[in-house]
Amino acid sequence: MAAMGITGTTRLCFVLGHPVAHSLSPAMHNAGFAALGLPFVYLPWAVPPEGLAAAAAAFRAMENFAGANVTVPHKERIRAFLDALSPEAEAVGAVNTIVPRDGRLVGHNTDGGGFVASLGEEKGVDPRGARVLLIGAGGGAKGVAYALAAHGAAEITVANRSAGRAEGLVGGLATQFPGCQFLALALQSPRLAEAVRTADVLINATSVGLIPGETLPLDLEGLGPTTLVCDVIYRPPETALLRAARERGCRVLNGLGMLLHQGAAAFQLFTGAAPPLDAMRAGLARGFAGS
Ligand code: NDP
């Protein structure tokens with residue numbers, strides 16, 4: 028057997044990023060392919076921004092291309108090189124998964140759906156009717172807001188350092204989801220205290236917390252133990268926000284489940300097979316431990 032079972036009929040998947048060496052996706056997807064005995068392999072591909080057009084052209088030229096994930100800093104710029112976008116990718120303005128379909132490259136965004144799947148699988152929480160406080164208005168936050176609204180959240184308050192970005196996010200989704208009540212706030216707004224007090228689910232979707240100990244300028248005074256507090260960050264596994272929430276008696280959820288479930292949705296798009304979640308979770312854990 029060739030390395031990793033690679034033969035002349037192996038189909039190729041990639042993660043495009045810059046840098047990409049830290050990515051846990053190869054460990055997760057290759058574990059999934061192995062568990063199902065699928066003739067697929069998943070490779071990291073470090074592509075600088077100026078190489079993005081060539082990378083897309085290479086996908087078009089590769090008959091055994093099965094799909095790719097796209098990570099920082101390419102999620103928005105890659106759209107220009109694709110033929111079509113899913114409704115989520117269109118609304119969010121970012122692509123994290125590409126698949127070839129009938130000779131065309133189609134962009135999807137599975138990040139927000141991954142977050143909602145993680146809420147359900149790990150905490151038994153259905154966002155239908157929920158009051159959500161979402162901190163952040165970048166690409167990750169937009170995907171999460173879209174998925175929560177699409178799954179029937181009743182209220183989504185978006186608080187961001189730059190209030191204009193929160194307003195842009197909310198404005199785009201409000202027309203699409205008239206059944207959901209949206210509010211945009213600046214992170215410094217005095218109205219934030221009320222949103223913290225009443226939220227069923229509070230989510231940090233900023234990059235604050237990636238550096239251990241780094242804290243959001245968020246007053247948690249009114250945070251009660253019935254609020255589920257989530258962070259999209261998974262490294263470190265417990266951010267300062269999650270720690271503070273846990274100490275206040277809240278249930279907490281980090282971003283590892285979101286990573287798993289966005290990957291599971293991509294796996295299904297690549298292979299057409301139901302993702303083997305346990306094997307992918309174990310692959311992720313091995314990758315995490317080894318990184
Ligand atoms: P973006 O660069 O698009 O957005 C960054 C966000 O963080 C903005 O809202 C920005 O506010 C805010 N921010 C940055 N620094 C500060 C600060 N000092 N104080 C307050 N707010 C700040 O990033 P992404 O949305 O792509 O990523 C955000 C996080 O989500 C990252 O940690 C990423 O790793 C994570 N992520 C996790 C995934 C998973 O599977 N678990 C999937 C996707 C993302 P402003 O607009 O004011 O600049």
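Using this note's numbering, you'd call the opening residue of the sequence shown number 28 and step up by one each time.
The C-beta atom is built at its ideal place from N, Cα and C for all residues, glycine as well.
Note that this is a predicted model, so its numbers are computed, not measured.
My understanding is that residue i touches residue j, with C-beta atoms under 8 Å, so please give their C-beta distance in whole angstroms.
i, j, result
"Leu243", "Leu268", "6 Å"
"Pro102", "Ala121", "A small fix is needed here, since residue 102 is Lys in this sequence, not Pro. That belief holds up - the Cβ atoms of Lys102 and Ala121 are roughly 4 Å apart, short of 8 Å."
"Ala118", "Gln203", "6 Å"
"Leu283", "Pro264", "7 Å"
"Leu39", "Ala85", "Actually they do not touch by this definition, with Cβ atoms about 10 Å apart."
What do you reckon, are the CB atoms on residue i and residue j nearer than 9 Å?
i, j, result
"Val171", "Val99", "no"
"Leu146", "Cys257", "yes"
"Ala232", "Ile125", "no"
"Thr184", "Leu214", "no"
"Arg224", "Leu245", "no"
"Leu175", "Val159", "yes"
"Gly141", "Met307", "no"
"Gly179", "Gly156", "yes"
"Gly310", "Ala95", "no"
"Asp227", "Thr266", "no"
"Leu22", "Ala190", "Since the displayed the chain opens at 28 and closes at 318, residue 22 lies outside it and no answer follows."
"Gln208", "Ala177", "no"
"His135", "Gly290", "no"
"Ala58", "Arg313", "yes"
"Leu51", "Thr298", "no"
"Tyr173", "Gly151", "no"
Going by DSSP, what residue range makes up the beta strand (DSSP E) through residue i?
i, result
"Glu182", "Glu182 to Asn187"
"Asp258", "Leu255 to Asp258"
"His135", "Arg131 to His135"
Need the endpoints of the alpha helix (DSSP H) that residue i sits in, please.
i, result
"Val378", "With the chain covering 28 to 318 only, the question about residue 378 has no answer from this structure."
"Leu247", "Counting along the chain, Leu247 falls outside any alpha helix (DSSP H), and DSSP gives it neither H nor E."
Name the residue from the options whose alpha carbon lies nearest to the alpha carbon of residue i.
i, options, result
"Glu90", "Thr37, Ile238, Asp110 and Phe108", "Thr37"
"Asp305", "Cys40, Glu148 and Gln208", "Glu148"
"Ser318", "Arg262, Thr266, Gly240 and Leu219", "Arg262"
"Pro252", "Ala293, Asn187 and Ala272", "Ala272"
"Pro46", "Ile33, Val97 and Thr34", "Val97"
"Val194", "Ala164, Tyr173 and Leu219", "For the record, residue 194 in the displayed sequence is Glu; it is not Val. If we check each option's Cα against that of Glu194, Ala164 comes out closest."
Under a CB-based cut-off of 9 Å, is residue i close to chain B?
i, result
"Ala48", "The structure shown has no chain B; it contains just one protein chain."
Assess contact between the region 63 to 79 and the region 120 to 137, defined as three or more Cβ pairs (one per stretch) separated by less than 8 Å. Is contact present? no
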